[in-house]
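**Student:** The listed protein sequences correspond, in order, to chains A and B. Each residue of the first sequence is one higher than the last, beginning at 0 in numbering that gives the first Met the number 0. Each residue of the second sequence is one higher than the last, beginning at 0 in numbering that gives the first Met the number 0. By construction, the Cβ of each residue, glycine as well, lies at the ideal position given by its N, Cα and C atoms. Here it is, the structure, as structure tokens.
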Amino acid sequence: MRNKWEHYLWLPLIFSLLLLVVPQFSFVKSSFYADLEFGAVSEIVSLDSYRVLFSEEIYRNAFFRTLYLSAGATCISLILALPTAYSMSRSGRLVASVGLNAIIAISLVSISVKLLGLNVMLAGSGVINQSLIALGLIDTPIQLLNNRIGVLVGLVQYTLPITILMLYSVMSTIPAQIEEAAHIHGATRSATFFRLIVPLASGGLLNGGLIAFNMCMGAFTSPLILGGGRVLTIPVLIQQKMIAEAKYSVAAALSVSLVLFVFAVNLFLGLAISRRQKLSRRRRAWHARLQGEVT
Amino acid sequence: MSTLELDAVSKRYDDFYAAKRLSLEVGFGESVVFLGPSGCGKTTALRMIAGFVTPTEGRILLDGRDITGLSPRLRNMGMVFQNYALFPSMTIAENIAFGLRQRRESNQAIRQRVGQLLELIKLEGRGDSFCNELSGGQQQRVALARALAFKPQILLMDESLSALDLKLREEMQIELRRLQREMSITMIFVTHDQLEAMTLADRIVVMNGGEIQQVGAPPDLYGRPENEFVASFIGKNNLFWADVIEARGKTSTLRLSEQLTVKLELPLPVASGSRLAFGIRPERIRMTVASQVSGNDGLVGTLTDQQFLGNITHHFVLLGDGKTVLVETSGKEERVATGSSVVLHFDSDAIRILDQRSRA
Ligand SMILES: Nc1ncnc2c1ncn2[C@@H]1O[C@H](COP(=O)(O)OP(=O)(O)O)[C@@H](O)[C@H]1O
Ligand SMILES: [Mg+2]
Chain A
0 MRNKWEHYLW LPLIFSLLLL VVPQFSFVKS SFYADLEFGA VSEIVSLDSY RVLFSEEIYR
60 NAFFRTLYLS AGATCISLIL ALPTAYSMSR SGRLVASVGL NAIIAISLVS ISVKLLGLNV
120 MLAGSGVINQ SLIALGLIDT PIQLLNNRIG VLVGLVQYTL PITILMLYSV MSTIPAQIEE
180 AAHIHGATRS ATFFRLIVPL ASGGLLNGGL IAFNMCMGAF TSPLILGGGR VLTIPVLIQQ
240 KMIAEAKYSV AAALSVSLVL FVFAVNLFLG LAISRRQKLS RRRRAWHARL QGEVT
Chain B
0 MSTLELDAVS KRYDDFYAAK RLSLEVGFGE SVVFLGPSGC GKTTALRMIA GFVTPTEGRI
60 LLDGRDITGL SPRLRNMGMV FQNYALFPSM TIAENIAFGL RQRRESNQAI RQRVGQLLEL
120 IKLEGRGDSF CNELSGGQQQ RVALARALAF KPQILLMDES LSALDLKLRE EMQIELRRLQ
180 REMSITMIFV THDQLEAMTL ADRIVVMNGG EIQQVGAPPD LYGRPENEFV ASFIGKNNLF
240 WADVIEARGK TSTLRLSEQL TVKLELPLPV ASGSRLAFGI RPERIRMTVA SQVSGNDGLV
300 GTLTDQQFLG NITHHFVLLG DGKTVLVETS GKEERVATGS SVVLHFDSDA IRILDQRSRA
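And the structure:
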């Protein structure tokens with residue numbers, strides 16, 4: 000008889016439910032009991048906390064800020080990861096394994112250590128500003144810390160390793176013969192890359208991009224440290240509300256909204272893509288029929 | 000002037016020659032097949048012609064121009080890969096159009112040519128399908144159309160039919176050969192299958208151990224092999240090594256082994272005292288039951304096994320020294336019972352001398 004492997008999935012599922020969904024429930028619940036003064040909460044169920052989110056500009060702005068910083072960091076990560084992953088998948092076994100191990104090692108270093116490093120580098124007296132001054136490109140240091148630039152750099156550093164790994168795993172499944180076929184039939188290296196490799200890696204680009212985006216939306220440490228508390232993203236705001244202002248219900252409502260929003264983005268993109276695939280398949284079938292009738 | 004010329008081309012990996020001093024001229028519209036066992040360097044040779052592998056020595060010329068270091072995309076060659084290597088992200092029409100697009104042909108010219116080729120490969124109306132919707136044979140034809148679309152100077156094929164099942168493969172061989180002749184395609188085909196080579200080739204290049212063993216039209220290679228390797232690789236053969244004990248004119252006394260000495264009429268005179276390799280094709284040997292033979296010439300043996308193959312029969316005859324000789328008959332001869340004592344005869348022109356060296 001066939002072994003039903005899916006039965007082994009029950010255990011991790013139950014585990015995840017306990018660890019993930021149950022705490023979320025208490026969050027969701029507390030978001031419906033509005034904040035009173037000094038950390039106390041109301042005993043009446045209401046949507047007051049959500050109303051606050053929609054009526055006050057600071058929250059709306061924070062949402063947009065989080066969204067475009069995340070989207071921007073994701074795009075930069077993908078653009079950096081694409082050629083890196085491609086070169087690694089096309090180099091010898093030694094180079095590839097050294098590269099992969101380096102990336103894994105880097106992503107294992109604690110985020111605070113990496114951020115402190117960035118802090119030193121991006122500072123007015125840091126390497127970047129000092130070299131730009133030495134080259135005569137600028138006179139006074141540019142502000143790279145405690146603003147959105149710093150946060151963006153931090154987010155890219157945070158998501159780049161996983162993006163490279165995701166793209167690498169796709170790139171290494173693209174057979175080298177496909178590229179040879181392109182070359183012998185007249186394609187330049189760049190035509191091969193953009194007309195063959197990128198379309199073939201589009202699934203990986205999408206998955207890697209979504210993962211990077213989700214990581215950015217939930218990122219807390221980089222916006223906090225490199226933004227110096229001045230770049231208010233949703234996660235930073237949640238922390239402020241909870242620790243500094245003891246507004247538990249608003250914090251809970253924020254986090255519920257964040258989760259729902261990210262979930263919606265993922266769902267939307269997933270559906271849009273599967274719809275497009277279905278559509279193009281139908282369009283092709285229709286084309287084929289048409290041609291068949293004509294000829 | 001030849002279309003393609005290999006001038007002592009070698010590819011060395013460290014101190015191992017994957018291909019060694021290959022020299023060959025291929026004429027316009029000629030079909031040349033590289034044939035040899037696995038690992039003999041056929042693919043290396045083809046990939047040097049394509050430009051994927053850079054020769055360590057020698058030159059490659061196309062229409063008299065040195066292309067040894069030229070990038071593959073500038074060589075104007077089409078290639079069909081063993082696993083086709085079609086572009087999965089493109090439709091069939093886009094695959095076929097690929098070479099034309101890279102050459103910046105007009106949309107109209109591309110559409111017309113793609114239509115032509117779709118018709119040629121009998122896939123009209125399927126241009127908008129994707130490759131994974133096609134059978135292996137259809138994919139193979141798309142790969143061929145893609146390689147021919149831009150009228151390349153040379154068509155390269157590396158074991159391109161090996162993935163098809165036997166019947167389809169044989170059909171494709173004949174189809175490809177017809178196409179190659181009709182369109183005067185200069186083709187270089189690589190295979191390890193000698194029947195495929197014979198079907199497709201004007202000339203076969205037999206390779207072994209990275210070196211060319213012999214180049215010739217299929218009947219030449221079969222009838223006049225120049226060395227032991229070619230003699231045994233092309234068709235079936237019986238190979239012998241013998242010491243020439245005594246040579247008087249063309250009649251020589253040969254010692255095949257300690258136990259077996261025969262008197263044979265050879266096609267050409269040999270030196271007494273030399274060591275000789277020769278081959279005799281199974282269909283050139285006549286087999287007679289020993290009791291019906293008078294005289295004591297010929298090789299005496301025992302018929303140990305027979306294999307009926309329809310139009311022909313294979314007979315295995317064990318000689319006195321333990322060597323087995325293969326005899327092929329075409330079914331018109333009288334049947335001989337397995338286990339009989341038989342005598343083998345052959346004409347002197349059935350003996351092909353493959354090697355002759357002085358005894359060390
Ligand atoms: N990149 C390479 N590095 C080292 N040896 C190689 C390389 N490519 C091929 N070879 C060796 O060269 C020989 C010929 O290979 P190949 O041309 O692929 O043979 P064929 O196609 O006739 O089977 C083989 O022994 C193979 O192991
Ligand atoms: Mg090969």
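1. Could you spell out the range, first to last residue, of the alpha helix (DSSP H) harbouring residue 20 (chain B)?
2. Are the CB atoms of residue 203 (chain B) and residue 215 (chain B) within a distance shorter than 8 Å?
3. Quick check on this structure: which residue in B:198, B:247, B:240, B:97 has the alpha carbon closest to the alpha carbon of residue 256 (chain B)?
4. Measuring straight from C-alpha to C-alpha, what distance separates residue 304 (chain B) and residue 227 (chain B)?
5. Leaving out five residues on either side along the sequence, give the residues of the same chain with a beta carbon under 7 Å from the beta carbon of residue 65 (chain B).
6. Taking the alpha-carbon of residue 164 (chain A) as reference, which of A:105, A:261, A:123 has the nearest alpha-carbon?
7. Report buried or exposed for residue 337 (chain B), applying the criterion of at least 16 other Cβ atoms within 10 angstroms of its Cβ.
8. Where are the alpha helix (DSSP H) runs, 4 residues long or more, that stay fully inside the segment 202-284 of chain B, in chain order?
9. Would you call the CB atoms of residue 231 (chain A) and residue 268 (chain A) closer than 8 Å?
10. My output table needs one value for residue 299 (chain B): the three-state DSSP class, helix, strand or coil.
11. If you run the structure through DSSP and keep just helix, strand and coil, what is residue 345 (chain B)?
12. Under 7 Å from any heavy atom of ligand 1, does the C-beta of residue 35 (chain B) make it?
13. Taking 8 Å as the cut-off, decide whether the C-beta atoms of residue 187 (chain A) and residue 100 (chain B) are in contact.
14. Could you list which residues in chain B have their beta carbon closer than 7 Å to that of residue 203 (chain A), in chain order?
15. Around the C-beta of residue 268 (chain B), are 16 or more other C-beta atoms found within 10 angstroms, so that it is buried, or is it exposed?
16. At what residues does the beta strand (DSSP E) containing residue 43 (chain A) begin and finish?
17. Quick check: the Cα distance between residue 61 (chain A) and residue 257 (chain A), rounded to an integer number of angstroms?
18. Measuring only between beta-carbons, confirm whether residue 199 (chain A) sits less than 8 Å from chain B.
19. Can you check whether the C-beta of residue 294 (chain A) is within less than 8 Å of a C-beta belonging to chain B?
20. Per the contact definition of three or more C-beta pairs closer than 8 Å, is the segment 212-232 of chain A in contact with the segment 59-78 of chain A?
21. Is there at least one Cβ from chain A nearer than 8 Å to residue 101 (chain B)'s Cβ?
22. In or out: residue 310 (chain B) buried (at least 16 other Cβ within 10 Å) or exposed?
23. Is it the case that the CB of residue 215 (chain A) approaches a heavy atom of ligand 1 more closely than 7 Å?
24. Label residue 278 (chain B) either buried or exposed according to how many other C-beta atoms from any shown protein chain fall within 10 Å of its C-beta, with 16 as the threshold for buried.
25. Quick one: residues in its chain with C-beta nearer than 6 Å to the C-beta of residue 349 (chain B), no 5 flanking neighbours on either side, listed in chain order?
26. If residue 162 (chain A) and residue 80 (chain A) are in contact, beta carbons under 8 Å, what's the gap, nearest whole angstrom?
27. Between residue 86 (chain B) and chain A, is the shortest Cβ-Cβ distance under 8 Å, so that the two count as touching?
28. Considering only C-alpha positions, which residue in the set A:274, A:279, A:241 is nearest to residue 39 (chain A)?
29. How would you call residue 13 (chain A), buried or exposed, if buried means at least 16 neighbouring beta carbons within 10 angstroms?
30. Name, please, each residue of chain B whose Cβ falls closer than 8 Å to the Cβ of residue 166 (chain A).
31. Exposed or buried, what is residue 113 (chain B) when buried is set at 16 or more other beta-carbons lying within 10 Å of its beta-carbon?
32. Taking residue 30 (chain B) as the reference, give the member of B:355, B:308, B:197 with the closest Cα.
33. Just tell me which of B:190, B:153, B:194 has its CA closest to the CA of residue 179 (chain B).
34. If you follow the beta strand (DSSP E) that residue 61 (chain B) is in, where does it begin and where does it stop?
35. With 8 Å as the threshold, decide whether the Cβ of residue 98 (chain B) is near any Cβ in chain A.
36. For residue 292 (chain A), which residues of its own chain have a beta-carbon under 7 Å away from its beta-carbon, when the five flanking residues on both sides are left out?
**Tutor:** Let me lay it out:
1. Unbroken run through residue 20 (chain B) is the beta strand (DSSP E), 15-25; no alpha helix (DSSP H).
2. Result yes, Cβ atoms of residue 215 (chain B) and residue 203 (chain B) sit closer than 8 Å.
3. Nearest C-alpha to residue 256 (chain B): B:240.
4. Those two C-alpha atoms are separated by around 25 Å.
5. Within the same chain, residue 65 (chain B) has close Cβ partners 58.
6. It is A:105.
7. Residue 337 (chain B) counts as exposed, since fewer than 16 other beta carbons sit within 10 angstroms of its beta carbon.
8. Entirely contained in the segment 202-284 of chain B, the alpha helix (DSSP H) runs reaching 4 residues are, in chain order, 217-222, 227-232.
9. Taking 8 Å as the Cβ cut-off, residue 231 (chain A) and residue 268 (chain A) do not qualify as a contacting pair.
10. Three-state DSSP puts residue 299 (chain B) in a strand.
11. DSSP places residue 345 (chain B) outside both helix and strand once states are collapsed to three, so it counts as coil.
12. Result yes, Cβ under 7 Å from ligand 1.
13. At the C-beta level, residue 187 (chain A) and residue 100 (chain B) stay beyond 8 Å of one another.
14. For a Cβ distance threshold of 7 Å, nothing in chain B lies close to residue 203 (chain A): the least Cβ distance comes to about 13 Å.
15. Within a 10 Å sphere around the beta-carbon of residue 268 (chain B) sit fewer than 16 other beta-carbons, which makes this residue exposed.
16. Here the beta strand (DSSP E) through residue 43 (chain A) covers 40-44.
17. A direct Cα-Cα distance of roughly 11 Å separates residue 61 (chain A) from residue 257 (chain A).
18. Yes, residue 199 (chain A) lies at the interface with chain B (some Cβ there is under 8 Å from its Cβ).
19. Model confidence at residue 294 (chain A) stands at a pLDDT of 39, short of 50, so the residue's coordinates are unreliable and nothing is read from them.
20. With the cut-off at 8 Å, the segment 59-78 of chain A and the segment 212-232 of chain A touch.
21. Yes, residue 101 (chain B) lies at the interface with chain A (some Cβ there is under 8 Å from its Cβ).
22. Under the 10 Å beta carbon count, residue 310 (chain B) is surrounded by fewer than 16 other beta carbons and is classified as exposed.
23. Not under cutoff, so the answer is no.
24. The residue in question, residue 278 (chain B), is buried, as its Cβ has 16 or more Cβ neighbours within 10 Å.
25. Correct list, in chain order: 279, 283.
26. Between residue 80 (chain A) and residue 162 (chain A) the Cβ distance is about 4 Å, and since that is below 8 Å, they are a contact.
27. Yes, residue 86 (chain B) counts as interfacial toward chain A.
28. Taking only the C-alpha atoms, the option nearest residue 39 (chain A) is A:241.
29. Exposed: under 16 other Cβ atoms inside 10 Å.
30. The premise fails here: residue 166 (chain A) is roughly 16 Å from chain B at the closest Cβ pair, so nothing lies under 8 Å.
31. Classification of residue 113 (chain B): buried, given that the 10 Å Cβ count is 16 or more.
32. Cα-wise, what sits closest to residue 30 (chain B) is B:197.
33. Ranking the options by Cα distance to residue 179 (chain B), first place goes to B:153.
34. That run of the beta strand (DSSP E) goes 56-61.
35. Taking Cβ atoms only, chain A reaches closer than 8 Å to residue 98 (chain B), which makes this a yes.
36. At residue 292 (chain A) the pLDDT is 45, less than 50, meaning the model places this residue with poor confidence and gives no usable figure here.
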